[in-house]
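For reference, the structure is listed below as structure tokens.
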């Protein structure tokens, strides 16, 4: 005598990613227009800002204040902005999340108030998680300030905290209200961070778009010199590919197993955990790409010429192909953890040519181990060398390899 | 020179609420069928059980073990089940959430593993939050064990923790994988909890369904005597009304302001906070219903006769109409906090006849205060009287009022 009631729900999300320059110039209507889209009143906005951004843009908080003065009928600030230490460390405990929650309570913010997060991927993750879990979700405006955050982390639908020693163990799916990619923030980025962010562009080109790979390859010297036009174009194309995948692959909240956007990421995540953040996410991804590229080649899915192009692109962008942590890594465990995080069966993305991905359910472990050894030969001393020597060294090895 | 990329996402959720008896009887295929719906393998299930349920059903864990033995090709247990202290207290810090996360890590559960939560609304909330935030969401099977959880809290799409001194300050929207309402758990409930759960049935009848109100009113003495047939029927109808609202009102994740299902809840939430859980949620809701019913009557939207029916139903079910905390409550603050939690403009649900709700944007505060004083007259000593005296006293007052 079993009875049953069925529930069906359809939830619709819609948001835009804007690409501009200097959005806090009071003459720029974008931000005010975004807020007033939800009604004609002074909308309360809590700014959460990456300490690194504040350090390199000391005038930022004054500029936000000026914007408020010019748009006071639309924007009400929760003074002062909350400064959160930038970098992966802020994701490793609940200090920043608790601080944001406390501000949300003390400023009496509601589900229709805004959290505007300005920073790198880690700060966006923390602010995103805090905004998504207070009152079951405030409106989040992301203003990514790094290449990586503007072309990948900041434009997606997830947030994450590290927990139990695992990267992104904790998190939710929570699409933002809007994303604003302001190129003014890129100009102050340290070269190492600019470079690291390009790894995601290489990644998404490799799995989805050969013509974008060719663009990156052709313009690699301009990108390595941080020419604004090429950097901005690569960010725009990379973001578009990421968004297209999330929006059209049919599983934005990842109820299934495959996660093709995570090409090169299974080892990258583990390398980040092992090195406690001293390797940047983008650097770890570059190394992960190198490993899975080599594996794909040895499996006959990628030519030696294509492998060479990929390694040359990474190297010329100043990205590493190896880190000693890779040799110490328990590869089986790293693959298992990746599977756990994804859920379900193992589905590792490999390359079947440039711009063509393939999902692999079994990994040839001896071959994978041999790939790690080959990469180590490419750059045995990566961790100990100054960056300029590393680049020279890698280029030499690259040439030897062909 | 602003560029823009648009993202549109549609997320579909589908789940069923099953009503049965003794689902851990190995001959009952329901649970095994549910698991194997996601593929033919032994699915890992972490059981999280309310300490109160374990106390009144000492054979439960053995029974689950027996079910596993009979269905070992489908269900793999993470032994032993995690026992969480029942009641509102478990929502007030992260102890239980952390313990569940630790189990998820140590048993290597993934996004396609299951958390099965057996308990009252508080334990379902805690397990739901933990399941929703680990790996960005495991599959949650709710097995509500109280009337309140079976007819309301357990069948919705939310979870919540108390934080910063506010009820449900923290939480997410996270539809369950499935809900199983097993009537076997109701038989062991303390009378006070059985009664308290009926308040949500009265509530949803008042705002949505006059014929259900008439059913409750006609059968109030059978319900007060906990006759299984009437209790189960009232749970089924109440759950159906709640689910219908969530599924068809067009805003299951509450992006807008109105929250009509929260009739009587603005004062109830505050009363629960003020009394630190010594007043049960259902009792607080009954008091909140009494207050807003009286207010609706004085506003001319409800007849004296209807008010009398509502008060008689609550009273005959053994539910309170008043608590001294109501007189101490800062009503403006309570309304403001409710508004904050909902987001946006104030939208308080009032009655415009039995079965007909109306959203009110302004509250007549002097009238509301006078309503509180009138309720106090109804039952000045509610907190100090034993339950039998309370019932007698309330019936007398009820008769005096007509």
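Residue numbers (the working numbering), protein chains in the order written: chain A, 59 to 460; chain B, 59 to 460.
For each residue, glycine too, the CB sits at the ideal point set by N, CA and C.
Being a predicted model, the structure only gives us computed values, none of them experimental.
Per-residue contacts from residue 60/B into chain A (C-beta, under 8 Å): 76, 77, 78, 88
With a threshold of 8 Å between beta-carbons, can residue 133/B be considered close to chain A, or not? no
Classification of residue 287/B by the beta-carbon crowding that lies within 10 angstroms, buried from 16 upward: exposed
Where residue 139/A and residue 231/B are concerned, what is the direct C-alpha to C-alpha distance, given to the nearest angstrom? 28 Å
Residues near residue 438/A by beta carbon distance below 7 Å, same chain, minus five either side: With a pLDDT of 46 at residue 438/A, under the threshold of 50, the modelled position of that residue is not reliable, and the figure given next carries that caveat. Excluding positions up to five away in sequence, the list is empty.
Check whether chain B comes within 8 Å of residue 204/A, counting only Cβ atoms and requiring the distance to be less than that. no
Could you tell me if residue 87/A is buried or exposed, where buried requires 16 or more neighbouring beta carbons within 10 angstroms of its beta carbon? exposed
For the beta strand (DSSP E) containing residue 98/A, name the first residue and the last one. Careful: residue 98/A lies outside any beta strand (DSSP E) and carries neither H nor E.
Go through its chain and collect everything with a Cβ distance to residue 355/A's Cβ below 6 Å, but skip five positions before and after it. 365
Residues sharing a beta bridge with residue 417/A, DSSP: 407/A
Suppose you measure from the CA of residue 76/B to the CA of residue 182/B; what does that come to, to the nearest Å? 16 Å
For residue 192/A, which of helix, strand or coil comes out of DSSP? strand
Just the C-alpha distance for residue 383/A and residue 264/A, rounded to the nearest angstrom, thanks. 24 Å
Using 8 Å as the cut-off, can you tell me whether the region 152-167 of chain A makes contact with the region 370-390 of chain B, which would need three or more C-beta pairs spanning the two stretches below that distance? no
Give me the residue from 421/A, 378/A, 407/A with the minimum Cα distance to residue 3/A. Only positions 59 to 460 of chain A appear in this structure, which leaves residue 3/A out of reach.
Mind checking the region 200-229 of chain B against chain A and listing, in chain order, the residues whose C-beta falls within less than 9 Å of any C-beta there? 213, 215, 216, 217, 218, 219, 221, 222, 223, 224, 226, 227, 228, 229
When you compare the CB positions of residue 342/B and residue 296/B, do they come within less than 8 Å of one another, or not? no
Which whole-angstrom value describes the C-beta separation of residue 105/A and residue 176/A, a residue pair presumed to lie in contact below a C-beta threshold of 8 Å? 7 Å
Taking a contact to mean a Cβ-Cβ separation below 8 Å, would you say residue 461/A touches residue 134/A in this structure? Nothing about residue 461/A can be read from this structure; chain A reaches only from 59 to 460.
Please confirm if the region 244-261 of chain A is in contact with the region 202-216 of chain A, defined as three or more CB-CB distances below 8 Å between the two stretches. yes
Comparing C-alpha positions only, which one of 352/B, 73/B, 402/B, 285/B sits nearest to residue 171/A? 402/B
Using 8 Å as the limit for Cβ to Cβ distance, is residue 461/A near chain B? Outside the shown range of chain A, which is 59 to 460, sits residue 461/A, and nothing can be said about it.
For the ligand ZN, I want to know if residue 169/A counts as a neighbour, meaning its beta carbon is within less than 7 Å of at least one of the ligand's heavy atoms. Of the ligands one can find in the structure shown there are none, so the ligand ZN has no counterpart to examine.
Whole-angstrom Cβ separation of residue 217/B and residue 190/B, contact assumed at under 8 Å? 6 Å
In terms of residue numbering, what span does the beta strand (DSSP E) encompassing residue 382/A cover? Segment 382-386 is the alpha helix (DSSP H) holding residue 382/A; no beta strand (DSSP E) there.
Residue ranges of each alpha helix (DSSP H) within the region 237-266 of chain A, 4 or longer: 249-266
With burial defined as no fewer than 16 other Cβ atoms inside 10 Å of the residue's Cβ, what is the status of residue 320/A: buried or exposed? buried
Which chain B residues are close to residue 378/A, counting only those with a beta carbon under 9 Å from its beta carbon? Going along chain B, no residue has its Cβ under 9 Å from residue 378/A, so there is no contact; the nearest lies around 28 Å.
Between residue 301/B and chain A, is any beta-carbon pair separated by less than 8 Å? yes
Which of helix, strand or coil does DSSP assign to residue 308/A? coil
Taking residue 71/B as the query, report the chain A residues whose CB atoms sit under 9 Å from its CB, ordered along the chain. 65, 66, 67, 68, 69
Comparing the C-beta of residue 311/A with each C-beta of chain B, is any distance below 8 Å? yes
Spatial neighbours of residue 471/A within its chain, please: CB distance less than 6 Å, with the 5 preceding and 5 following residues excluded, ordered by chain position. Nothing about residue 471/A can be reported from this structure: the residues present for chain A run from 59 to 460 only.
The region 100-111 of chain B: positions lying closer than 7 Å to chain A by Cβ: none
Could you check the C-alpha separation between residue 323/A and residue 347/A for me, to the nearest Å? 8 Å
Distance CB(residue 141/A)-CB(residue 94/A) smaller than 8 Å: no
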